[in-house]
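Asks:
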Amino acid sequence: MSSAENTARGIAAAVRAGERSAVDVVEEHLARIAGREGEIHAFNEVLADEARAAAEAIDRGDRSGALAGVPVAVKDNLCTRGIPTTCSSKILEGWRPPYDATVVSRLLAAGAINIGKTNLDEFAMGSSTENSAFGPTRNPHDTSRVPGGSSGGSAAAVAAGFAPLSLGSDTGGSIRQPAALCGVVGVKPTYGLVSRYGLVAFASSLDQVGPFATTVADAALLLEVIAGHDPMDSTSIERPAPSLVEVLEAGVDGLRVGVLREMVDAEGIAPDVRRRTEEAAEALAAAGAKVEEASVPAATLGLSAYYLIAPAEASSNLARYDGVRYGLRVDAPNTGLMNEASRTAGFGAEVKRRIMLGTYALSAGYYDAYYGKAQQVRTLIIRDFQAAYEQFDLLLSPTSPTTAFPLGAKVDDPLTMYLNDVCTIPTNLAGDPAMSVPFGAGDDGLPIGVQLLAPALGEATMFRAAAVLEGVAP
Amino acid sequence: MTATEVSTWELVVGLEVHVELATATKIFCGCRNQFGDEPNTNVCPVCLGLPGSLPVLNRQAVDFAMRIGLSLNCSVQPSIFHRKNYFYPDMPKDYQVSQYDLPINTDGFLELPDGTRIGIERAHLEEDTGKSTHVGGGGRIHDAGYSLVDYNRAGVPLVEIVSRPDIHSAEHARAYVNELRAILVAIGASDAKMEEGSMRVDANVSVNRPGDPWGTRCEIKNLNSTRSLGRAIDYEMRRQIDLLEAGERVVQETRHWNEDDGRTHTLRSKEEAFDYRYFPEPDLVPIAPDAAWQEEVRASLPVLPAGRRAQLVERTGATPETAGVVVERDLDAFVLDSLAAGGVAGRLLVHAENNLADGTGRLEPTTFAAMTVMEADGALTATQAKTVLQELVANGGDPVAVAAAKGFEAMDDSALAAIVDELIAANPEPFQRFREGDGKVTGFFVGQVMKATQGKADGKVVTRLLQERAQA
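Protein chains in written order, with our numbering: chain A, 1 to 474; chain B, 475 to 946.
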């Protein structure tokens, strides 16, 4: 799927040069969707008519945008004006946002074409896209297996060639883990580099929007388009988008890369995943990087801290779905009972579990022991990463402990499911960038990704290493 | 209850005052902050709490919060926002963005006109909720047929000013609210209208025996005027004293003041109190006004009512009470200008306090000053001066000309003495009482003289003439 003419860069160049029409590009992708969407279910809604109309407008008008004529699939927790935005939850039934998320506005301003809203674990809570109220998404490499999650629809859409690019959101690994499982590139940018305005909040202090692509260069291009200060997001960093595409050829000669011992050796890391990670380290060394072992001791506490902080914020963020103003309302004799009936009917089991966890963690008498303690751990993790980045420019680890697992394998065991994110969660807590790059296959022939981690705003360095790995991947 | 019973108890009151800030736009979005518009017209994704929306703090709201803090002698400190979580349909996000353990303003005081200092614990920023109307049933949310919500008010910036429990009478509670309102209006931070809800007062009330620790407190809500505030505190004090003297306990709870029956009623008990699950608001960054910003705000503050009263007392010798009235009527600058124009301080203050309640109209400091000089010189009696003043306020002009046009001229003492002698002759019995020291009869004689002279007599001269004759 990554032949040059099918990459976003290839499409944009051809459309700009007048060699391909945006309409043709859209029709090719719609045809691929028609061929496989039935078995994969990457989308909650394919925007065929809207995409055709947008393509015609591009062909008639301005083709100079960085993504002119390029189809992009958008995770269905990003607000799209007039287009249902469901978060794969029944609770948002019938709701059409009156506004576009900032990242969506920027995509459209760059000439990109929104080809559809992709499936996710309800409110981005999950690691397999099985927690969707509209049914699971399947892995294009093996449809008996999950695509990962929560951005499983966006990962699968790119892996299946439904779109060269897609947007996801990553709160604890929700871009990187499905990218690894679907064999595509997925990036979680520095917290604050990409606007969250219009991203339906799961855990506000951890959520970050980022790109999926088949190539490192395409991911860089999409990140350049969506990044940069947004006055509508108070946590947005006040600096322009970084230049990434232009540094991709810079190589890693002289860079100091640390292999994260805590993650490579973590319980549950499959031998083939560990082996590919070691091979990636060797590849970087061969390309001139100085590779050593690194340690971020507090990272081992990440999962525990995350499952207090994220649910705590979620319990508050999801309070607004009360049946009063929009979405599902189940009538009842009074307002309080209506709130209760609507939420009982509208939320799935995993969302309810996290709301309860988070409510408990914030309750009077428990706050210090749970939420307060988790924030202290978060501080330790930030400190340990900072210490590591005094010695290293980049860190390397597995992305996901295993390759894609079968549907249904972990749905009844939340803790095992949560362990999927053991390598990805610490970066969200630290607010740093990280990305998953495909690096060969496992013993089962399914894709494996390795994770590159960088200090805050270290995207350029991270992309340089990603480009090297992409070039030598087995 | 007798006075002695009350005096064996001590009343302790702390006030929580919410004021809506007079910003152009709401605290976290660009919607208009305007009272009285069509319902649900000043709304957007942010103040409706739509999924995906995010708050951005309004700098003017921070500015006003600092104005309030600095006016109340508070320290301005780096602060953060928290979320206060509870479900209510007029709150779009089902949490309120407020300040919790790190408020922007802490540790200040407000000085009442009588010099009493009431401590200010904090004055913090938060967002207002929407406004609910519950239709049918008892008009309460639980039994209403349906409810309507207007979100125009959702996201209007509020500052909550929390006093220390330094208030010990209903009178002081009212004085505190009046003084606070005067300050808020003076600094332009709020129009502070209790009747429109732009200033809302809750009272924490407890009683204890002198020397004992504070008693259990009740929080009183629904106080829509300073009069209600005073009545509610007096009622609640009596209720608590009655309970304690009957050997019962005061239960900590929130109570609702009912203006119609003049009582407070249980709203919710401590057990029913919400667990708000406060935690730091992750969508906002800390507010840390630097020294330069604070100085800029401080420098832009006007002289506050307390300062104006002090200035008036110092420059005119006014009593604190008179100074309070004159400053409240915003006449102090006019009085001082008139003083500078050569006016007579005592007369200026008397007129400002009694005869200029509706403003100064076309009166000028120079004409006001000239009129008080005429009065002091005996060219105008107090009664004549009042008439001249009314004319000057209504139409302006020169006081000498106005007095002449009205036919006012000072009567000479001998003419007046003749009238007084006639009156004494005609009224021997009242004069005998006057002679025996019954001061009340003075008014009778002065009134009669005024009647006879059509107000041209000087009351002070009449009194002197009477005294001379009584001692003769």
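For each residue, glycine too, the CB sits at the ideal point set by N, CA and C.
Only a predicted model underlies this, so the values are computations on that prediction, with no experimental measurement involved.
Going by DSSP, name the residue or residues bridged to arginine 36/A.
Replies: Bridge partners of arginine 36/A: none, in fact.
Asks: Suppose you measure from the CA of threonine 937/B to the CA of valine 920/B; what does that come to, to the nearest Å?
Replies: Those two C-alpha atoms are separated by around 7 Å.
Asks: Would you grab the beta carbon distance between leucine 452/A and glycine 258/A for me? Rounded to a whole angstrom, and I think it's under 8 Å.
Replies: Leucine 452/A to glycine 258/A, Cβ: 11 Å. No contact.
Asks: With DSSP as the reference, please indicate the residues paired to serine 680/B in a beta bridge.
Replies: Serine 680/B is bridged to Val486/B.
Asks: Taking contact to mean 3 or more Cβ pairs, one atom from each stretch, closer than 8 Å, check whether the stretch 721-737 of chain B and the stretch 527-540 of chain B are in contact.
Replies: Result no; under three Cβ-Cβ pairs closer than 8 Å.
Asks: Please return the same chain residues whose Cβ sits closer than 6 Å to the Cβ of serine 295/A, not counting the five positions on each side in sequence.
Replies: Counting only Cβ-Cβ distances below 6 Å, and skipping sequence neighbours, we find Arg261.
Asks: Could you check if asparagine 507/B is buried or exposed, using at least 16 other CB atoms within 10 Å of its CB as the buried criterion?
Replies: When all chains shown are included, asparagine 507/B counts as buried.
Asks: Have a look at the DSSP bridge pairing and note the partners of aspartate 170/A.
Replies: Answer is Gln208/A, bridged to aspartate 170/A.
Asks: Taking C-beta to C-beta, are threonine 790/B and leucine 822/B nearer than 9 Å?
Replies: In contact: threonine 790/B and leucine 822/B (Cβ atoms closer than 9 Å).
Asks: I need the DSSP call for valine 536/B, collapsed to helix, strand or coil.
Replies: Helix.
Asks: Is the CB of glutamine 726/B under 9 Å away from at least one CB in chain A?
Replies: It does not; no Cβ of chain A falls within 9 Å.
Asks: Using DSSP's beta-bridge definition, name the partner residues of lysine 558/B.
Replies: DSSP lists Gln570/B as partners of lysine 558/B.
Asks: If you run the structure through DSSP and keep just helix, strand and coil, what is alanine 155/A?
Replies: Note: alanine 155/A maps to helix in three-state DSSP.
Asks: Using a Cβ-Cβ cut-off of 6 Å (strictly less than) and excluding sequence neighbours within five positions of glycine 1028/B, which residues of its own chain qualify?
Replies: For residue 1028/B there is no data in the structure shown, the boundaries of chain B being 475 and 946.
Asks: Suppose you measure from the CA of glutamine 391/A to the CA of arginine 256/A; what does that come to, to the nearest Å?
Replies: Distance between the alpha carbons of glutamine 391/A and arginine 256/A: 7 Å.
Asks: Can you tell me the Cα-Cα spacing of glutamine 906/B and lysine 914/B, whole angstroms?
Replies: For glutamine 906/B and lysine 914/B, the distance between alpha carbons rounds to 12 Å.
Asks: Hey, quick one: how far does the alpha helix (DSSP H) through asparagine 339/A stretch, first residue to last?
Replies: Here the alpha helix (DSSP H) through asparagine 339/A covers 335-346.
Asks: Going by the DSSP bridge assignment, what does cysteine 692/B pair with across the sheet?
Replies: Paired residue(s): Val679/B, Glu727/B.
Asks: So aspartate 233/A contacts chain B; which residues on that side make the cut at Cβ distance below 9 Å?
Replies: Leu528, Val530, Asp757, listed in chain order.
Asks: In terms of residue numbering, what span does the alpha helix (DSSP H) encompassing tyrosine 307/A cover?
Replies: Residues 302-317.
Asks: Taking 8 Å as the threshold, find out whether the stretch 132-142 of chain A comes into contact with the stretch 94-112 of chain A through three or more Cβ pairs.
Replies: Judged by Cβ distances under 8 Å, the stretch 132-142 of chain A makes no contact with the stretch 94-112 of chain A, as fewer than three pairs qualify.
Asks: Note down, in chain order, each residue of its chain lying with its Cβ closer than 6 Å to the Cβ of isoleucine 309/A, except the 5 sequence neighbours on either side.
Replies: Excluding residues within five positions, the ones whose Cβ falls inside 6 Å are Ala374.
Asks: Whose CA, out of Ile657/B, Ala819/B, Tyr569/B, lies closest to the CA of threonine 793/B?
Replies: Comparing Cα-Cα distances from threonine 793/B to each of Ile657/B, Ala819/B, Tyr569/B, the minimum goes to Ala819/B.
Asks: For a contact meaning CB atoms closer than 9 Å, what does asparagine 339/A contact in chain B?
Replies: Correct list: Phe561, Pro563, Asp568.
Asks: Quick one: give me the first and last residue of the beta strand (DSSP E) that leucine 395/A is part of.
Replies: 394-398 is the extent of the beta strand (DSSP E) around leucine 395/A.
Asks: Give a yes or no on whether 9 Å exceeds the smallest Cβ distance from tyrosine 446/B to chain A.
Replies: This structure cannot speak to residue 446/B, because chain B is shown only from 475 to 946.
Asks: Per DSSP, what are the beta-bridge partners of histidine 739/B in this structure?
Replies: In the DSSP output, where bridge partners are listed per residue, histidine 739/B has His730/B.
Asks: Given alanine 285/A, which residues of its chain have a CB within under 6 Å of its CB, disregarding the five upstream and five downstream residues?
Replies: If we look at alanine 285/A and ignore the five residues flanking it on each side, its Cβ neighbours are Val291.
Asks: According to DSSP, is threonine 190/A helix, strand or coil?
Replies: Note: threonine 190/A maps to coil in three-state DSSP.
Asks: Between the C-alpha atoms of glutamate 600/B and glycine 629/B, what's the straight-line distance to the nearest angstrom?
Replies: Straight-line Cα distance between these residues: approximately 8 Å.
Asks: Which one of Lys500/B, Asp575/B, Ala720/B, Glu490/B has the shortest CA to CA distance from proline 1024/B?
Replies: A question about residue 1024/B goes unanswered here, because the residues of chain B that appear run from 475 up to 946.
Asks: What's the gap between the Cα of glutamate 50/A and the Cα of proline 147/A?
Replies: Roughly 27 Å separates the two Cα atoms.
Asks: Count the other CB atoms within 10 Å of the CB of methionine 356/A; is the residue buried (16 or more) or exposed (fewer)?
Replies: With fewer than 16 Cβ atoms within 10 Å of its Cβ, methionine 356/A is classed as exposed.
Asks: Give the range of the beta strand (DSSP E) segment to which glycine 258/A is assigned.
Replies: Where glycine 258/A is concerned, the enclosing beta strand (DSSP E) stretches over 256-260.
Asks: CB isoleucine 761/B to CB isoleucine 542/B, shorter than 9 Å?
Replies: No. Outside cutoff.
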